[in-house]
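Taken in order, these protein sequences are the chains called A and X.
For the first sequence, the numbering used here begins at 1 and goes up steadily by one.
For the second sequence, the numbering used here begins at 1 and goes up steadily by one.
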Amino acid sequence: VNKDLLEERSKCTFDKEEFTVWWVGGKDRLEEKRNREQFCMSQPEFRDKTPLHYVSHKELYEETVRKATAIFAKSKEMVQKKHGFNAGNFVNFLDVLCGDGFMHQANPLAVHFSMFVPGIIGHGNAEQQERWLDRALNCKILGTYVQTELGHGTFLRGLETTATFDAETDEIVINSPSLTAYKWWPGGLGLTANHCIVMAQLYSNGRCHGVNPFMVQIRDEDTHMPLPGIEIGEIGNKLGYNGVNNGFLGFKNFRIPRTNMLMKNAKLSHDGTYQKPISSVLNYGTMVFTRVLIALDTSQLLARAATIAIRYSCVRRQSVIDPSKPEVQVIDHQTQQGKLLPQLAKAIALKLSADNLWKMYEATQMDLEVGNTDRLPELHAISCCLKAVSTADSAAGVEVCRLACGGHGYLTSTNFLNLYGSATAAVTYEGENTVLYLQTARYLVKVWNQALKGQQLMPTVRYLVQYATKPNTR
Amino acid sequence: FAWSDSIPVIIEAFQAVTANRLRLANEHIQQRINAGRTPQEAINETGLELVRLAEIHCRGFILQSAYAAIEQACQAASQPLAEVLREICRLVVYDEALRITGDLLRFTTMSDNDLVELQRKYESSLAAIRPNAVSIVDAFDYPDFILGSTLGVYDGNVYERLFEDAMKSPLNQEPVNRTFELYLKPLMRGKL
């Protein structure tokens with residue numbers, strides 16, 4: 001071990017293991033995490049044959065599919081022995097299945113676990129969960145969540161894909177009426193998924209009922225060939241995050257049974273009668289869940305970047321502070337501390353706030369079970385801005401860490417490129433950040449007006465009441 | 001809002017800034033509506049203010065969440081760990097506060113001297129965390145397998161790792177690349 005790092009470690013004032021237990025969330029979770037890591041490290045098929053930063057676009061896809069499937073199969077085997085793999089516990093393994101830690105790359109099955117499975121849980125009624133959930137959890141079908149189109153992303157009401165109910169056959173006909181209606185971006189869609197949850201404008205009895213989710217099989221399960229009426233492919237190379245296999249998808253009079261509309265929240269009956277969800281925000285549940293995951297994930301990206309840069313800054317020596325003494329460790333320069341230590345602290349703060357959001361999400365889910373939607377708008381508002389801040393700060397923070405490593409930080413072998421690619425991808429997907437801030441702001445404007453009327457506010461905005469009810473004296 | 005540099009007060013200051021910015025944004029929306037804009041147009045024209053206040057609201061939420069979680073952890077933690085966690089909390093709160101000093105000077109009683117003191121506390125916090133920096137990142141418990149970084153390896157033998165990785169480059173698998181015969185040599189001989 002490098003002698004400077006040994007010296008650093010000898011100065012530690014606290015019990016590192018105690019910190020780790022707190023950071024990971026308890027002794028049991030730490031033990032489970034280490035078992036999982038040990039298991040993964042011991043599997044020869046999890047190792048890269050060639051460093052991924054040297055392979056071609058096609059080779060990268062093939063290698064990430066190989067690793068993702070191996071990781072899923074082995075993880076499932078390990079989990080089955082201990083707990084059984086089910087809808088209740090799969091979220092505990094999302095970091096393995098979706099995170100880029102084990103893969104060092106985005107994963108073509110990540111959206112299957114992070115959005116397709118939660119989408120079935122969040123949008124599917126009991127009967128539909130019976131049909132698809134177990135098959136999805138066990139990768140008997142491979143799915144993705146298909147929302148964004150070439151012409152529209154964050155503005156959901158602008159989506160063009162149509163799902164028109166045909167009462168005669170009790171089917172729904174899906175169409176992409178223009179090139180801009182083509183689905184574009186979903187991870188795993190290009191060559192990996194054979195099913196997807198498609199968000200489309202529902203028409204029945206001559207009326208549009210807005211965007212609703214539909215379960216659609218897009219490829220044959222045996223041959224993997226696209227089904228007739230489906231045009232599908234991969235969208236090409238990107239700045240980073242290339243392992244995720246983003247795809248495009250067009251529909252031409254593609255028919256699905258009416259019962260493939262996911263009907264946990266909204267419902268469509270045989271005669272085309274549409275029953276709205278009790279809250280318009282309910283259909284966004286999967287997106288809220290995903291935003292919580294993004295906030296958690298990006299805090300980890302920043303923590304990893306800070307780990308790399310801080311260790312290197314203690315190994316690297318550069319310049320002198322006192323001309324009579326040898327070169328100092330880079331971290332002894334106050335400017336370096338000012339770059340790196342706030343990133344370290346911020347990673348922790350972002351993780352703790354994402355944990356808090358996760359608790360709010362769970363509490364809100366329990367409320368929903370008994371039909372209480374009171375906290376949904378608050379949850380939606382805070383998840384929007386937390387996604388925006390955590391991704392933006394993580395991306396900026398990873399870049400600060402890279403720059404703090406000087407010339408060597410520019411090498412892809414440092415892994416900053418993948419960390420930055422993942423963080424900036426998170427800035428980009430699941431809602432454009434400015435639009436997300438505006439959604440939060442609209443909620444704040446709304447509750448400000450409630451506060452002016454002396455109404456009770458939800459916990460995260462309750463503080464506004466005291467400012468609304470007294471004049472600004474400054 | 002009465003400024004002080006205690007951590008809970010700084011976090012509350014984020015709330016005060018959000019509330020005052022929200023008050024102003026609301027007034028500006030109303031003024032624009034009174035001037036004949038539709039509510040949607042008025043909101044669009046107040047977009048910059050709205051985005052900024054939403055971000056500050058969120059930063060207040062992050063700081064409040066971190067502070068609450070760390071204080072809760074400190075109740076059960078050993079004293080040395082509690083000191084480290086509280087120092088981390090102080091650093092992130094000072095850092096965030098220094099990023100909105102314009103708002104703090106505008107919407108709280110913060111003075112120039114208070115600002116100088118905040119900067120001093122921030123620098124003290126950096127110095128206090130410095131000796132534990134490596135141990136804190138060690139405590140994140142990322143194995144080398146997960147970090148996947150030549151510079152971030154636990155043993156710190158970074159120069160050896162950089163060299164090993166360079167040797168894996170496809171371009172280093174043969175001593176002479178075919179472009180020598182195809183292009184470089186003809187160029188040097190004037191036969192291109």
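All C-beta atoms in this analysis are idealised placements derived from N, C-alpha and C, irrespective of residue type, glycine included.
As the structure is a prediction and not an experimental result, all values here were calculated from the model.
Within-8 Å CB hit, residue i to chain A
i: Gln183 (chain X); result: Note on identity: in this sequence residue 183 (chain X) is Tyr, with Gln being the wrong assignment. No - not a single Cβ of chain A is within 8 Å of the one on Tyr183 (chain X).
i: Pro80 (chain X); result: yes
i: Asn132 (chain X); result: yes
i: Ser6 (chain X); result: no
i: Glu71 (chain X); result: no
i: Gly152 (chain X); result: yes
i: Ile62 (chain X); result: yes
i: Val137 (chain X); result: yes
i: Phe145 (chain X); result: yes
i: Leu192 (chain X); result: no
i: Ser124 (chain X); result: no
i: Phe163 (chain X); result: no
i: Ser111 (chain X); result: no
i: Phe180 (chain X); result: no
8 Å Cβ cutoff, residue i in contact with chain X
i: Cys139 (chain A); result: no
i: Arg9 (chain A); result: yes
i: Asp4 (chain A); result: yes
i: Gly229 (chain A); result: no
i: Glu18 (chain A); result: yes
i: Trp478 (chain A); result: Because residue 478 (chain A) is not part of the residues shown, which for chain A are 1 to 474, the question remains open.
i: Glu432 (chain A); result: no
i: Asp322 (chain A); result: no
i: His152 (chain A); result: no
i: Arg474 (chain A); result: For Arg474 (chain A), the predicted model reports a pLDDT of 46, less than 50, meaning its position is unreliable and no value from the coordinates is stated.
i: Gln129 (chain A); result: no
i: Glu37 (chain A); result: yes
i: Thr64 (chain A); result: no
i: Leu159 (chain A); result: no
Strand pairing of residue i, partner residues [DSSP]
i: Ile62 (chain X); result: DSSP, once it has assigned bridges, lists no residue as partnering Ile62 (chain X).
i: Cys196 (chain A); result: A:Thr144, A:Val216
i: Thr162 (chain A); result: A:Asn175, A:Gln201
i: Glu149 (chain A); result: A:Lys183
i: Gly233 (chain A); result: A:Phe248
i: Val211 (chain A); result: A:Gln201
i: Pro226 (chain A); result: A:Arg219
Residue i: first and last residue of the uninterrupted alpha helix (DSSP H) it sits in
i: Ile348 (chain A); result: 334–369
i: Leu118 (chain X); result: 112–129
i: Asn132 (chain X); result: No alpha helix (DSSP H) contains Asn132 (chain X), which DSSP labels as neither H nor E.
i: Arg255 (chain A); result: Run containing Arg255 (chain A): none in the alpha helix (DSSP H); it sits in the beta strand (DSSP E), 254–257.
i: Pro39 (chain X); result: 39–45
i: Phe14 (chain X); result: 7–34
i: Met103 (chain A); result: Per DSSP, Met103 (chain A) belongs to no alpha helix (DSSP H) and is neither H nor E.
i: Ile382 (chain A); result: 376–404
i: Met167 (chain X); result: 158–167
i: Ala266 (chain A); result: Element bounds for Ala266 (chain A): n/a, residue is neither H nor E.
i: Glu31 (chain A); result: 27–42
i: Asn449 (chain A); result: 433–452
i: Arg135 (chain A); result: 126–137
Whole-angstrom C-beta distance between residue j and residue i, which should lie under 8 Å
i: Ala133 (chain X); j: Ile310 (chain A); result: 5 Å
i: Leu444 (chain A); j: Leu118 (chain X); result: Not a contact, Cβ separation roughly 26 Å.
i: Phe145 (chain X); j: Met41 (chain A); result: 5 Å
i: Ile256 (chain A); j: Val216 (chain A); result: 6 Å
i: Asn194 (chain A); j: Ala266 (chain A); result: Their Cβ separation, rounded to whole angstroms, is 25 Å, which puts Asn194 (chain A) and Ala266 (chain A) out of contact at 8 Å.
i: Ile382 (chain A); j: Phe61 (chain X); result: 6 Å
i: Glu430 (chain A); j: Ile294 (chain A); result: 6 Å
i: Leu189 (chain A); j: Asn242 (chain A); result: Contact flag wrong, Cβ pair sits at about 14 Å.
i: Asp138 (chain X); j: Arg9 (chain A); result: 7 Å
i: Asn418 (chain A); j: Gly240 (chain A); result: 7 Å
i: Ala349 (chain A); j: Ala66 (chain X); result: 4 Å
i: Leu302 (chain A); j: Ala345 (chain A); result: Rounded, the Cβ-Cβ distance is 10 Å, inconsistent with contact.
i: Ala110 (chain A); j: Val244 (chain A); result: 6 Å
i: Leu268 (chain A); j: Leu202 (chain A); result: 7 Å
i: Thr162 (chain A); j: Lys183 (chain A); result: Not quite, the Cβ-Cβ distance comes to about 13 Å (not below 8 Å), so this is no contact.
beta-carbon residue i near the ligand PLP non-hydrogen atom, thresh 7 Å
i: Cys401 (chain A); result: With respect to the ligand PLP, the structure shown offers nothing to examine, as it has no ligands at all.
Unbroken beta strand (DSSP E) run spanning residue i, endpoints
i: Asn175 (chain A); result: 171–175
* Asked: For the segment 319–337 of chain A against the segment 357–369 of chain A, are there 3 or more C-beta pairs whose distance is under 8 Å?
  -> Counting Cβ pairs under 8 Å, fewer than three are found: no touch.
* Asked: Quick check: the segment 171–189 of chain X against the segment 55–70 of chain A, are there 3 or more CB pairs under 8 Å?
  -> no
* Are there three or more Cβ pairs, one per stretch, closer than 8 Å when the segment 237–254 of chain A is compared with the segment 169–179 of chain A? -> These segments touch.
* Per the contact definition of three or more C-beta pairs closer than 8 Å, is the segment 45–53 of chain X in contact with the segment 24–36 of chain X? -> yes
* To do: Please confirm if the segment 401–415 of chain A is in contact with the segment 327–340 of chain A, defined as three or more CB-CB distances below 8 Å between the two stretches.
  => yes
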